[in-house]
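First up is the structure itself, then whatever we jot down about it.
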Amino acid sequence: MSLSADGIYNFMGLKNYISDIYNGVKSLITGMKVTGHYFTHPGEIVTQQYPENRDTLKMFERFRGEVVLIHDENNMHKCTGCSACELACPNGSIEIISGKEIDPETGKSTKIIDTFVYHLSMCTFCNLCILSCPTDAIKMAQGFEHSVFDRSKLTKVLNKPGSKIMPGIK
Amino acid sequence: MTEQELITNIETAPETQEYFINMGPQHPSTHGVLRLLLTLDGEIIKKVEPHLGYIHRSIEKMCEKDSYQQIVHLTDRMDYLSCHMNNEAVCLCVENGLQLEIPERVKVIRTIISELTRLSSHQLWWGVMGMDLGAITTFLYGFRDRELITDIFEETCGARLTMNYNVPGGVMFDIHPNFQKRTKDFITYFRKKLPEYDELLTGNVIFTERTKDIGYLSKEDAISYGVTGPSGRASGFACDVRKRFPYSAYDRVEFKEIIYTEGDCFARYKARIDEMWESMKIIEQLIDNIPEGEHKAKTKAVIKLPEGEYYQRVETARGELGVYIVSDNKKSPYRVKFRSPGFSNLSALDTMARGNKIADLVATMSTLDLVIPDIDR
Amino acid sequence: MNFNIYDFTEFVNSIKLWLNSVLPPVVSDIAGFVIIGICFLTFIVILGLSLVYIERKVCAFFQQRLGPMRVGFWGTAQTIADIIKLVFKEPLISKGSDKFLFNLAAFIVIIAPFMAIAAVPFAKGLHVLDFDIGLFFITAISSIGVTGILLAGWSSNNKYSLIGAMRSGAQIVSYELSVILSLLTIIVLTGSLQLSVIVESQRDGWWIFKGNIPAIIAFFIFIIASTAESNRGPFDMAEAESELTAGFHTEYSGIKFAFFFLAEYINLFIIAAVGATVFFGGWMPLHIGNFEFFNNIMDFIPPIIWFFGKIAAIIFLIMWFKWTFPRLRIDQLLTLEWKYLLPINLINLLLMALVALSGWHL
Numbered sequence: 000m001s002l003s004a005d006g007i008y009n010f011m012g013l014k015n016y017i018s019d020i021y022n023g024v025k026s027l028i029t030g031m032k033v034t035g036h037y038f039t040h041p042g043e044i045v046t047q048q049y050p051e052n053r054d055t056l057k058m059f060e061r062f063r064g065e066v067v068l069i070h071d072e073n074n075m076h077k078c079t080g081c082s083a084c085e086l087a088c089p090n091g092s093i094e095i096i097s098g099k100e101i102d103p104e105t106g107k108s109t110k111i112i113d114t115f116v117y118h119l120s121m122c123t124f125c126n127l128c129i130l131s132c133p134t135d136a137i138k139m140a141q142g143f144e145h146s147v148f149d150r151s152k153l154t155k156v157l158n159k160p161g162s163k164i165m166p167g168i169k
Numbered sequence: 000m001t002e003q004e005l006i007t008n009i010e011t012a013p014e015t016q017e018y019f020i021n022m023g024p025q026h027p028s029t030h031g032v033l034r035l036l037l038t039l040d041g042e043i044i045k046k047v048e049p050h051l052g053y054i055h056r057s058i059e060k061m062c063e064k065d066s067y068q069q070i071v072h073l074t075d076r077m078d079y080l081s082c083h084m085n086n087e088a089v090c091l092c093v094e095n096g097l098q099l100e101i102p103e104r105v106k107v108i109r110t111i112i113s114e115l116t117r118l119s120s121h122q123l124w125w126g127v128m129g130m131d132l133g134a135i136t137t138f139l140y141g142f143r144d145r146e147l148i149t150d151i152f153e154e155t156c157g158a159r160l161t162m163n164y165n166v167p168g169g170v171m172f173d174i175h176p177n178f179q180k181r182t183k184d185f186i187t188y189f190r191k192k193l194p195e196y197d198e199l200l201t202g203n204v205i206f207t208e209r210t211k212d213i214g215y216l217s218k219e220d221a222i223s224y225g226v227t228g229p230s231g232r233a234s235g236f237a238c239d240v241r242k243r244f245p246y247s248a249y250d251r252v253e254f255k256e257i258i259y260t261e262g263d264c265f266a267r268y269k270a271r272i273d274e275m276w277e278s279m280k281i282i283e284q285l286i287d288n289i290p291e292g293e294h295k296a297k298t299k300a301v302i303k304l305p306e307g308e309y310y311q312r313v314e315t316a317r318g319e320l321g322v323y324i325v326s327d328n329k330k331s332p333y334r335v336k337f338r339s340p341g342f343s344n345l346s347a348l349d350t351m352a353r354g355n356k357i358a359d360l361v362a363t364m365s366t367l368d369l370v371i372p373d374i375d376r
Numbered sequence: 000m001n002f003n004i005y006d007f008t009e010f011v012n013s014i015k016l017w018l019n020s021v022l023p024p025v026v027s028d029i030a031g032f033v034i035i036g037i038c039f040l041t042f043i044v045i046l047g048l049s050l051v052y053i054e055r056k057v058c059a060f061f062q063q064r065l066g067p068m069r070v071g072f073w074g075t076a077q078t079i080a081d082i083i084k085l086v087f088k089e090p091l092i093s094k095g096s097d098k099f100l101f102n103l104a105a106f107i108v109i110i111a112p113f114m115a116i117a118a119v120p121f122a123k124g125l126h127v128l129d130f131d132i133g134l135f136f137i138t139a140i141s142s143i144g145v146t147g148i149l150l151a152g153w154s155s156n157n158k159y160s161l162i163g164a165m166r167s168g169a170q171i172v173s174y175e176l177s178v179i180l181s182l183l184t185i186i187v188l189t190g191s192l193q194l195s196v197i198v199e200s201q202r203d204g205w206w207i208f209k210g211n212i213p214a215i216i217a218f219f220i221f222i223i224a225s226t227a228e229s230n231r232g233p234f235d236m237a238e239a240e241s242e243l244t245a246g247f248h249t250e251y252s253g254i255k256f257a258f259f260f261l262a263e264y265i266n267l268f269i270i271a272a273v274g275a276t277v278f279f280g281g282w283m284p285l286h287i288g289n290f291e292f293f294n295n296i297m298d299f300i301p302p303i304i305w306f307f308g309k310i311a312a313i314i315f316l317i318m319w320f321k322w323t324f325p326r327l328r329i330d331q332l333l334t335l336e337w338k339y340l341l342p343i344n345l346i347n348l349l350l351m352a353l354v355a356l357s358g359w360h361l
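Residue numbers (numbering that gives the first Met the number 0), protein chains in the order written: chain V, 0 to 169; chain R, 0 to 376; chain F, 0 to 361.
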């Protein structure tokens, strides 16, 4: 609505005044039609009722929730304790504590994983550790509900107790 | 102004009717933690002074101790709405330094995802613009449409906002088989929804009254302050990096560079809406012709750039992002500097806001599309 | 006691007789006042709670989401939870503020609509204050709310609140003119300010249909002006959330904030009630002239349902405005009133006088 001080006092001004009002009202009604459409179509609502739909919720398989060490049915994993993931992590969320094991047949000592410490509180979910693992021992799981009441629960040990490395992995 | 100067100012200026108001760090419409010190005369703004640094996280310093693959994920968090373009900037800089040959497939994938990121950033900007001016419904509509893009990202890259999908040499893993179909469905859906945005906000008489002739920025001012992106292009400054210094697959797609000459808030608004149409055009040209090939070029496990200085510029949703790496042949860069678009855009706020009212300041800041972590890094 | 849903006069009279028989005369009057007061208080409390809930649900459906769903069945107990939370909050009073005015402002703002709601005709016989200047009384009492807002802004000792309160004061005082002029346009036809006479005069059709074009224009101006009166919708610059945090009620917390909040919704109800009474016939069902058959069908629905139905429609329209349009700046607001609404109003009034004199209305 362009307003001129003496706009109403001449005929062209009056015509502008009326056309201003008409165009203004028309644009407002167009806007109201859009919202009115959404009001009358509640079937198009896209929001999900979150805690109630946990059973049917399915995340995408590549979703980066947290890092886990893959264990198969015999409680065996593929981690050799090589610390490639520890070096690749930008802010030190992974700590590998490795030990040595003497192979009874050949007498050579190889590095094995003792504890795989993962600080979930510091992880930025950048995926660099997964890329750098030479044996594909770790992957990103899809869990996203990480809130806890006790901060120490966010420091996780990823290798389950009693798990051993799969034979044949170097 | 230091605190001492401020107090002296108040004590020794009794005749003027000016008073100072703090649009403080916590404010619903400064899009982040930005403190604006306003000098007001009644309702007219006399001076705007931004105080920054509330979200400074020393990203540039952290880059000095990380390897070249690791600095990419820090740029996600600078301008989090155009994170893929930030990642792309760093990766391109490193790849140019190494003189690496990138597969065609990577270039096309990067371009498509960049344009999708630009679309999602503009959708969020549109929603927040309406909300700042009072039409709260637009916020929800912008986010509803943005959900589809974040679903595409979640399926391919694994994360919704801080994607970290680029590595120097290519992308982390190949695109998901559903990527093309989802993107095509999204384009069909959004082509129908974008005219609704026009009906709801652009043509609205209340909106045009609040944005026309407000916050004028002339072309000379835009060039001298370095205002790039849609804000600069709305003042007539033809600065689209995708046209002037093409990178990735931008030299083989056809799109218009959106230039308006009015330089007011409404022109900046129109520039971004038109950019959304152009982005959809770019994606449509590329989505069916993704060339086959590797998703990553072979690089050494430990990347070392030869000694020297490298610069790469990229067009993010806010303007021109520049990445400047100084290397001394070690595992980590010697110095990384980011020329952030928001910093230069914010410096022009004072010129734009003088003489207008407080309510206009909110409209001006909305159209500048500031993201404060981008300014503070 | 015969309880006739179509006509409450018998019911009310029988209660009065019973009170007179049980108590001495003066005491029975006072007991009557107290009963009416308690009825209104309960009604207003329930009204406030349900209007807040309805606003949240309507807003949610406009924005393609569901709104409160968890507390109570489909979220109906949400407002009760909110009120309990507000009651438990600490009533902060900032240091430099004028304590007496600070507290007084909250009360003034809520007393004004309480008084105005007494004069609204709910149904035949359910009309508490039936003055012969009923309409004038309601508009005058609603203007007392401005004092409350200005006091709130001034006594908060806060620059933001002061700006907000002054803007709001200017806005309300300007838009009152438009409200009253648009209502006067219909009074030209009815000839009386008494609300029950206005309702009765619409027995053969509502004024918005009978009054020809000026009545329709008057209704639109009334809607726009009254949303501005109650600081709502696209005219809520005074309490703009994204600009001055919360404007004139920034410093209020706890139950006093709840007063401001509720007062806004009860004002909304009063505006809808006045609009429904003057333009849409109050509790009068839709009649078409002397078309007996149709009128009898319409009469089947009790008047009190008609009344609340009309109010619901007008409130929905006002909510639709709020959730679709951006805000007007304060100078644009005042321009709209003085340069657009007021001239149109005056010309409309002239037109209506012409229509009434020439008998072009039904």
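We treat Cβ as the ideally placed atom computed from N, Cα and C, and that holds for glycine.
Owing to the predicted nature of the structure, the values given are computational and were not obtained by experimental measurement.
Next item on the list: Kindly give me the distance between the Cβ atoms of L125(F) and F268(F), rounded to whole angstroms, as I take these residues to be in contact under 8 Å.
Entry: Their Cβ separation, rounded to whole angstroms, is 15 Å, which puts L125(F) and F268(F) out of contact at 8 Å.
Check: Given a limit of 9 Å on CB to CB distance, which residues of the region 326-345 of chain R reach chain V?
Finding: Here the close residues number zero.
Next item on the list: List the DSSP bridge partners of L73(R).
Entry: Answer is none; L73(R) lacks a bridge partner.
Next item on the list: Can you tell me which of L149(F), I140(F), P302(F) and G144(F) puts its alpha carbon nearest to the alpha carbon of P120(F)?
Entry: When the alpha-carbon of P120(F) is set against those of L149(F), I140(F), P302(F) and G144(F), the nearest one is in P302(F).
Next item on the list: Pull up the DSSP beta-bridge partners for Y117(V), would you.
Entry: Paired residue(s): I93(V) and K155(V).
Next item on the list: Would you list, in chain order, the members of the region 321-338 of chain F that have their beta-carbon closer than 8 Å to a beta-carbon of chain R?
Entry: Contacts with chain R (Cβ-Cβ distance below 8 Å) from the region 321-338 of chain F involve W322, T323, F324, P325, R326, L327, R328, I329, D330 and Q331, listed in chain order.
Item checked: Neighbouring residues, chain A, relative to T29(V) (Cβ below 7 Å) -> You won't find chain A in this structure, because its protein chains are V, R and F.
Check: To the nearest angstrom, how far is it from the Cα of V240(R) to the Cα of F254(R)?
Finding: C-alpha separation (whole angstroms): 13 Å.
Notebook entry, point to check: Exposed or buried, which one is T184(F) when buried takes at least 16 other CB atoms within 10 Å?
Noted result: Result: buried.
Check: Is it a yes or a no for the region 74-82 of chain F touching the region 101-119 of chain F, going by three-plus beta-carbon pairs under 8 Å?
Finding: In short, these stretches do not touch, since the Cβ pair count stays below three.
Margin query: If I measure Cβ to Cβ from K183(R) and keep anything under 7 Å in the same chain, skipping five residues before and after, which residues do I get?
Written below: Cβ neighbours of K183(R) beyond the five flanking positions: I286.
Next item on the list: Please confirm if F59(V) has its CB atom under 7 Å from at least one CB of chain R.
Entry: Nearest CB-CB separation between F59(V) and chain R: below the 7 Å threshold.
Checklist line | Cβ neighbour criterion (16 or more within 10 Å) applied to M58(V) | finding: M58(V) should be labelled exposed.
Notebook entry, point to check: Apart from the five residues just before and just after S247(R), which ones in its own chain have a Cβ nearer than 6 Å to its Cβ?
Noted result: So the qualifying residues of the chain are K106, R109 and T110.
Next item on the list: Report the residues of the region 109-140 of chain V with a CB closer than 7 Å to any CB of chain R, ordered along the chain.
Entry: Look at the region 109-140 of chain V: the residues with a C-beta under 7 Å from a C-beta of chain R are T123, F124, C125, N126, L127, L130 and M139.
Notebook entry, point to check: Is DSSP giving M139(V) helix, strand or coil here?
Noted result: M139(V) carries a strand assignment under DSSP once its states are collapsed to helix, strand and coil.
Next item on the list: Name the one or two DSSP bridge partners that Y18(R) has.
Entry: The partner list for Y18(R) (beta bridge, DSSP) reads L39(R).
Check: Taking buried to mean at least 16 other C-beta atoms within 10 Å of its own C-beta, is M121(V) buried or exposed?
Finding: Burial call: exposed.
Item checked: C-alpha gap between I343(F) and A352(F), whole angstroms -> Answer to the nearest angstrom: the Cα atoms are 14 Å apart.
Check: Measuring CB to CB, does A352(R) end up less than 7 Å from L360(R)?
Finding: Against a cut-off of 7 Å, the Cβ pair of L360(R) and A352(R) comes out as a contact.
Next item on the list: Check each candidate in V196(F), R326(F), G74(F) and F290(F) and name the one with the smallest Cα separation from G281(F).
Entry: Looking at the Cα atoms, V196(F) is the closest of the given residues.
Next item on the list: Verify whether the separation of the beta carbon atoms of T29(V) and E198(R) is less than 7 Å.
Entry: In terms of Cβ geometry, T29(V) and E198(R) form a close pair [threshold 7 Å].
Checklist line | Interface flag, I17(V) vs chain F, CB-CB below 7 Å | finding: Answer no: the Cβ-Cβ gap between I17(V) and chain F never drops below 7 Å.
Check: Thinking C-alpha only, which one of Y215(R), H83(R), I302(R) and T187(R) is nearest Q442(R)?
Finding: The structure shown does not extend to residue 442(R), since chain R is modelled only from 0 through 376, so no value can be given for it.
Next item on the list: Tell me, please, whether the CB atom of F61(F) is closer than 7 Å to any CB atom in chain R?
Entry: The C-beta of F61(F) comes closer than 7 Å to at least one C-beta of chain R.
Check: Does any residue of chain V bring its CB to less than 7 Å from the CB of H294(R)?
Finding: Residue contact with chain V for H294(R): absent (no Cβ-Cβ distance below 7 Å to any residue of chain V).
Next item on the list: Output the boundary residues of the beta strand (DSSP E) element that contains G307(R).
Entry: Segment G307 to E314, the beta strand (DSSP E) holding G307(R).
Notebook entry, point to check: How many Å lie between I137(V) and C81(V) at the Cα?
Noted result: CA-CA distance, I137(V) to C81(V), rounds to 13 Å.
Checklist line | Beta carbon of A316(R) nearer than 7 Å to that of S120(R) | finding: Yes, they are a contact pair.
Note to self: Could you pull the DSSP bridge partners for T109(V) from this structure?
What the structure shows: E100(V), per the DSSP bridge assignment.
Check: Distance, Cα to Cα, S241(F) vs V127(R)?
Finding: Since pLDDT at S241(F) reaches only 46, below the 50 mark, its modelled position is unreliable, and the value read off the structure follows with that caveat. Roughly 11 Å between the two C-alpha positions.
Checklist line | Residue from F61(F), I287(F) and L192(F) whose Cα sits closest to the Cα of F135(F) | finding: Sorting F61(F), I287(F) and L192(F) by C-alpha distance to the C-alpha of F135(F) places L192(F) at the top.
Check: Taking the Cβ atom as the reference point for each residue, do I135(R) and A362(R) lie within a distance shorter than 7 Å?
Finding: When the beta-carbon positions are compared, I135(R) and A362(R) stay at least 7 Å from each other.
Check: Is N328(R) near E308(R), with beta carbons less than 7 Å apart?
Finding: No, the Cβ-Cβ distance between N328(R) and E308(R) is not below 7 Å.
Checklist line | As assigned by DSSP and simplified to three states, the class of G262(R) | finding: Shown here, G262(R) sits in coil according to DSSP, grouped into three states, outside any helix or strand.
Margin query: Residues in the same chain with beta-carbon distance under 7 Å from S331(R), minus the five sequence neighbours each way, listed in chain order, please.
Written below: Excluding sequence positions up to five before and after S331(R), its CB lies within less than 7 Å of the CB of E63, K64, D65 and S66, all in the same chain and listed in chain order.
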